[in-house]
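Chains as they are written, first to last, in the UniProt record's numbering: chain A, 1 to 331; chain B, 1 to 368. Virtual Cβ for every residue (Gly too), placed ideally from N, Cα, C.
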Amino acid sequence: MAARSISSLGDRLLDGVMSIVEAPINGFERLMGRKRMPYLFLAPNLVLFGIFTFLPIAIAVGYAFTGGTGLFVTERPFVGFDNFRQLLSCENYLEPGSCKESLFWTAIWNTLWFVSFNVTATLLVALTTALILNRAIAGRGFFRAMFFYPVLLSPVVIGLIWKWFLDRNGLLNAFLQMLGVPPEIFLLEVGWSRFFVVVVSVWCHMGFYTLILLAGLQAIPKDLYEAASIDAASPRRTLFRITLPLLAPNLLVVLILLMIRSVQIFDEAWVLTNGGGPGTANSFIVQYIYQMAFGSDLRLFGLASAASVLMGLVLLCLTLVQLKLGKKMES
Amino acid sequence: MGDLKLTNLNKAYGALAVLHDINLTIEDGEFVVFVGPSGCGKSTLLRVIAGLEDITSGGIDMSGRDVRQLSPAERKIAMVFQSYALYPHMSVRKNLAFGLENLRFKREEIESRIAEAARMLAIEPYLERKPRQLSGGQRQRVAIGRAIVREPDIFLFDEPLSNLDAALRVQTRAEITKLHRDIKTTMIYVTHDQVEAMTMADKIVVLNAGRIEQVGSPLDLFDHPRNLFVAGFLGSPRMNIFKGKVVSRSAEGVVIDLGYAQYLTAKVDPSSVSDGQPVLAGVRPAHFKVSSQGLPFIVQYYESLGTETYVYGTLEGQSEQVIIHQPGHFAPQVGERLTIAPAEGRLHVFDPQTSLAVPNFGEVRRVA
């Protein structure tokens, strides 16, 4: 009885809203014509998108060509390509110390190794997990949810959890001590800290990529596998000759997304390594941008913007490659 | 050698039994068609033979080998799927070669088998194309080609023509029959289309609800259906069934009263029924002829195909539709009263209790 009265109340409410909205919508339709109506509905979203995405991009590009420490554009002198020159001038690019902006190049090299290790590791782990979850194993639904769960966590929470786990007095050291292994200060040792930045990144993002790959695996018709089993294909040959080639479009999407998101590594690594430590061992490109602009009293908005523009160009190239390869695969 | 023996075979998914106690022998070189309505278990039976499904109990022997524990690849079978199941990322040539490569055949042997199959199926011009660049009929041939190159003991076809248009279906049907004549390998073919079953098979296996209803040659099944299901399933339009009762029995056969002045005589074993017993009488549309004596038939409408005519109507005073088939162009008036009688020896009699056919003279009723 109560449920019915609530639902009839809901109906009446909806009718009321519709009758209020209907009149102006009809008015607009008479004014603009039916063909232009879709743009009216898109307008609110486009306005927000413009304010929070396109405008900041435009401002960043503009600021990249200005200098000084002023916040407003009127307080900032035009300096042309000076910021880019400062970022890119280097005696030997392999030695960040020889560069004018040594921190920028340290961040670039750190980001490059992170991207290569993180992309490889995440891809392998996500693919293996997806292949296992695609089989009819017990508790499949539970495992799918479990692997996806870290994706829902805030990067800061992830950073803090792992920091607590890896601390000098953390869970991992307690466990190692139980086994008689001397404790290790993982986050203060260059090799270990880099290793764990990758581990944490794989742990928290693999669920998302697993899901994409799982969707791809489930789209492969079952009878192809039956045909392959009649064709005497070994599990190995089935994987390499049937599954992986047919999964290629999804693998490509995952690869490009992973590369883009790896280049953007910041928050969980920042929290985990106390701002890129030890030293600058885990200082990445986004962190450099943040530190130049907001991380200290430097307020080098021009330099940070120039670095953002360079990073944006790299990401744009990756996206174009994805689009191009994706189209090629479709045809 | 490609003979097959199924003994007391059962298959269940959990509590749901889908195949019940299947016993079937298929001789080497036979073309056997499994036919039945949707969900009757015919595809499951094929997949069990292929090794794609496990069995719950029973035996499967191929050429004298117990194959229950063998993988599909080890059973020396090849299968043509309803969806064709061609590898979409491989060229036609690679599709054909894949199975042989897996079995580590020599390159020359693979090439010569592909060439032979391609010639046989006229797919030589398409060898370098991908499956999506082929028409449905061409894909179908490639799927058959993939089976042929394996040179299996038994070919399995799972409704291979169901995705083709009507004209192509007739053509491919003939090609598969010819292929069987040429290579003389055992073929098991699943279809729900009784025309395919009747035209292609050496032996038809009629399945219903996971049980074999009858096994026999197409004409044997058509002329001597063992029960009401087979009688109704084979033959298009389906057999007309009438309620009646036995009036008398003699050496001539059994006299049946359908409630009209004219009694009908069925040439069936009189010792299998008793006087006064209710029975169901069945006559195929093509076996009714318009005659001076017989049952009163009121015409409702007719469909003339030029060379033949189907007349739809009812027996006088009844509501159930009766169909009669007449050769040539036959144009009765709507509402006209005709007299129809079954052709000599074409009246089937069934026991309504058991659904089984009353056997003909000399036939022994097979126990279900």
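Report the rounded CA-to-CA distance for residue i versus residue j, giving the unit in angstroms.
i	j	result
B:P218	B:V290	27 Å
A:Y63	A:A269	27 Å
B:E116	B:G137	19 Å
A:L313	A:A306	11 Å
A:L166	A:N282	16 Å
B:I298	B:D193	31 Å
A:G50	B:D158	57 Å
A:T122	B:I176	50 Å
B:A368	B:N227	At B:A368, the pLDDT of 33 sits below 50, so the modelled position is not reliable and the matter cannot be decided from this model.
B:G216	B:L127	40 Å
B:T309	B:E336	16 Å
A:I59	A:F301	11 Å
B:D202	B:K184	12 Å
A:I260	A:N118	11 Å
A:L94	A:W203	30 Å
A:M292	A:F195	26 Å
B:L96	B:I188	21 Å
B:R366	B:I204	Confidence in B:R366 is poor, its pLDDT being 41 and thus under 50, which makes the residue's placement unreliable; the coordinate value appears in the next sentence. If you take the alpha carbons of B:R366 and B:I204, they lie about 17 Å apart.
B:V364	B:S271	At B:V364, the pLDDT of 45 sits below 50, so the modelled position is not reliable and the matter cannot be decided from this model.
B:G253	B:S274	12 Å
A:P182	A:G276	25 Å
B:Y312	B:D257	22 Å
B:R141	B:I340	47 Å
A:I212	A:T74	47 Å
A:R34	B:R146	55 Å
A:N45	A:L14	23 Å
Please list, in chain order, the chain A residues whose beta carbon lies closer than 7 Å to that of residue i.
i	result
B:V99	For the sequence presented, residue 99 of chain B should be read as Gly rather than Val. Simply D231 and A232.
B:L23	At residue 23 of chain B the sequence reads Asn, which differs from the Leu that was named. Correct list: empty, because the minimum Cβ distance to chain A is about 25 Å.
B:P72	S229 and I230
Return no unless some Cβ of chain A is closer than 8 Å to the Cβ of residue i.
i	result
B:N102	yes
B:S83	yes
B:L356	no
B:P131	no
B:I183	no
B:L52	yes
B:S43	no
Report yes or no: is there a C-beta of chain B within less than 8 Å of the C-beta of residue i?
i	result
A:P235	no
A:L246	yes
A:L224	yes
A:I137	no
A:A227	yes
A:I265	no
Using a Cβ cut-off of 9 Å, pull out every chain B residue sitting near residue i, in sequence order please.
i	result
A:D11	Within chain B, no residue comes near A:D11; the closest Cβ sits about 42 Å away, beyond 9 Å.
Name the DSSP beta bridge partners of residue i, please?
i	result
B:S250	B:G253
B:K11	B:L19
A:G159	BP columns for A:G159 are empty, so no partner.
B:L6	B:L24 and B:I60
B:K178	B:K178 is not bridged to any residue.
B:T314	B:I298 and B:Q321
B:D66	B:D61
B:S282	The sequence as given places Gly at residue 282 of chain B; Ser does not occur at that position. Note: B:G282 sits in a beta bridge opposite B:I241 and B:H348.
List, in chain order, every chain B residue whose beta-carbon is nearer than 8 Å to that of residue i.
i	result
A:P221	S83 and A85
What does residue i touch in chain B if you count any residue whose Cβ is under 7 Å from its own?
i	result
A:L255	Correct list: empty, because the minimum Cβ distance to chain B is about 18 Å.
A:I242	Y87
List, in order along the chain, the chain A residues whose C-beta lies closer than 9 Å to that of residue i?
i	result
B:A78	I230 and D231
What are the start and end residues of each continuous alpha helix (DSSP H) run of 4 or more residues lying completely inside the stretch 187-213 of chain A, in chain order?
For the stretch 187-213 of chain A, not a single whole alpha helix (DSSP H) run of length 4 or above is found.
Please list the segments of the alpha helix (DSSP H) lying wholly inside the stretch 31-63 of chain B, counting only runs of 4 or more residues, in order along the chain.
42-50
Please specify which runs of the alpha helix (DSSP H), each continuous and at least 4 residues long, are wholly inside the stretch 187-228 of chain B, giving them in chain order.
194-200 and 218-223
Quick one: complete beta strand (DSSP E) runs, 3+ long, within the stretch 102-165 of chain B?
154-158
Could you give the uninterrupted runs of the alpha helix (DSSP H) lying entirely in the stretch 23-108 of chain A, keeping only those of 4 residues or more?
37-49, 55-63 and 82-88
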